[in-house]
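Heads up: the sequence shown runs through residues 4 to 323, numbered per our numbering. We put the beta carbon where it would ideally sit given N, CA and C, even for glycine. Just so you know, these numbers come straight off a predicted model, no measurement behind them.
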Amino acid sequence: MGSRDGLITAALMLVAGSVAAQEPLTTRCESAPIAGLFKVFGDTGRMPPDLGRFLQSAALQKVEPYKAFDNVHYVGICWVSAWLITSPTGHVLIDTLYGPYTEPMLDNIRKLGFDPKDIKQVVITHGHFDHAGGAAKLKELLPGARFAMTAEGWREAAESGAQSASRPDRWTMIERDMVLADQQVLQVGGVKLQVFETPGHTMGTVSFAFDAFDGGKRHRAFTVGGLGLNAIKGPEQVEAFIASVKRIRALTEQKDDPVTTHLTTHPFSNGLTETKELLKTRKPGEPHPLVDPQGFRQQLDALQAGAEKHLVTERSKKTN
Ligand SMILES: [Zn+2]
């Protein structure tokens with residue numbers, strides 16, 4: 004078994020080397036090369052140097068905050084989202100960013116004309132650093148806000164923070180606050196979030212459905228809490244991922260109030276980086292470029308197909 008593992012590692016290194024030689028240099032925030040580099044990372048387990056540089060460059064990560072819908076605002080960075088859902092009686096923030104990016108996110112919020120102190124609720128999709136790493140900073144800066152995750156999300160965030168203790172990018176998670184449960188409807192000020200436990204990316208991952216308004220029109224938006232298969236620990240987790248993807252897909256097809264709009268946790272995952280540019284030139288009466296049920300379904304189908312392939316690998320590992 005040992006020598007076979009060694010061979011696999013050598014083969015992976017060869018693959019990584021040949022891909023690294025051709026990979027495009029990421030010098031701007033654009034979806035395709037970033038998605039490509041993450042795929043290499045996922046397939047090989049090795050961080051392509053260009054991806055490392057890109058993730059650590061505050062200049063490359065900077066994204067001008069923007070209004071996506073009348074009540075939904077993008078305040079994140081290039082590779083990770085943070086969404087502010089506003090209401091006259093209090094706001095909800097989805098995800099915290101991390102490290103050097105969390106405080107500038109509050110500047111983004113001010114830039115859009117909102118006071119971070121009006122954030123009543125921070126909801127965190129899962130326990131990885133890029134979504135939960137800023138919770139401690141936010142708790143200090145926004146003492147009035149409550150923080151919410153699933154029970155498993157709280158556990159995995161604490162574990163993930165603890166595992167970072169010896170690394171330069173270490174972070175610590177806050178004490179458990181509110182616990183989210185499947186199908187719960189969270190009402191905060193004028194914001195209503197429907198909670199979906201969607202295990203898979205991590206077992207504690209949670210997703211949210213909410214209303215996004217565009218002029219007089221209401222759209223059903225959805226934030227999928229975790230998209231990648233980069234933290235898979237066994238076939239059961241891949242099976243959970245597939246079930247969650249199917250469940251979300253069904254929400255886009257239901258007769259009653261279907262989900263039409265994917266407000267992603269990673270802008271390169273569905274080309275949000277490019278699509279949002281269309282908002283700048285959109286004329287009155289034109290359709291909203293982020294309302295795209297077909298595109299959302301295609302993304303979910305691709306996630307499912309990838310996961311099904313992955314499942315074969317994970318199952319064969321288990322039987323060997
Ligand atoms: Zn993650």
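* To do: Go through the segment 185-230 residue by residue and report every complete run of the beta strand (DSSP E) that reaches 3 residues or more, in order.
  => 188-191, 194-200, 209-217 and 220-226
* **Beta-bridge partners of Gln124, as assigned by DSSP** => Val95 and Arg149
* Asked: By the 10 Å Cβ neighbour count, where 16 or more other Cβ atoms means buried, how is Val188 classified, buried or exposed?
  -> exposed
* Are there 16 or more other CB atoms within 10 angstroms of the CB of Pro324, so buried, or fewer, so exposed? -> The requested residue 324 does not occur in the structure, where the chain is confined to residues 4 to 323.
* Trp86, DSSP secondary structure in three states -> strand
* Asked: What is the DSSP secondary structure of Val262, counted as helix, strand or coil?
  -> coil
* Close Cβ partners of Gln124 (< 6 Å) along its chain, the five nearest in sequence each way excluded -> Val95, Arg149 and Val191
* To do: Measure the alpha-carbon distance for Val294 versus His313 and round it to whole angstroms.
  => The alpha-carbon separation between Val294 and His313 amounts to approximately 30 Å.
* Cβ neighbour criterion (16 or more within 10 Å) applied to Met169 -> As written in the sequence, residue 169 is Ser, which differs from the Met given in the question. Result: exposed.
* Based on Cα-Cα distance, which residue from Asp172, Thr92 and Met152 lies nearest to Gly55? -> Asp172
* Asked: Would Phe41 be called buried (16 or more neighbouring beta carbons within 10 Å of its own) or exposed?
  -> buried
* Looking only at C-alpha atoms, which of Ile97, Gly130, Val182 and Gly207 sits nearest to Gln166? -> Gly130
* For Met181, write down the residues that DSSP places opposite it in a beta bridge. => Ala151
* With hydrogens ignored, establish whether the beta-carbon of His269 is closer than 6 Å to any heavy atom of ligand 1. => no
* Asked: Helix, strand or coil for Lys70 per DSSP?
  -> strand
* Asked: Under the three-state reduction of DSSP, which class applies to Val75: helix, strand or coil?
  -> Assigned with DSSP and collapsed to three states, Val75 falls in strand.
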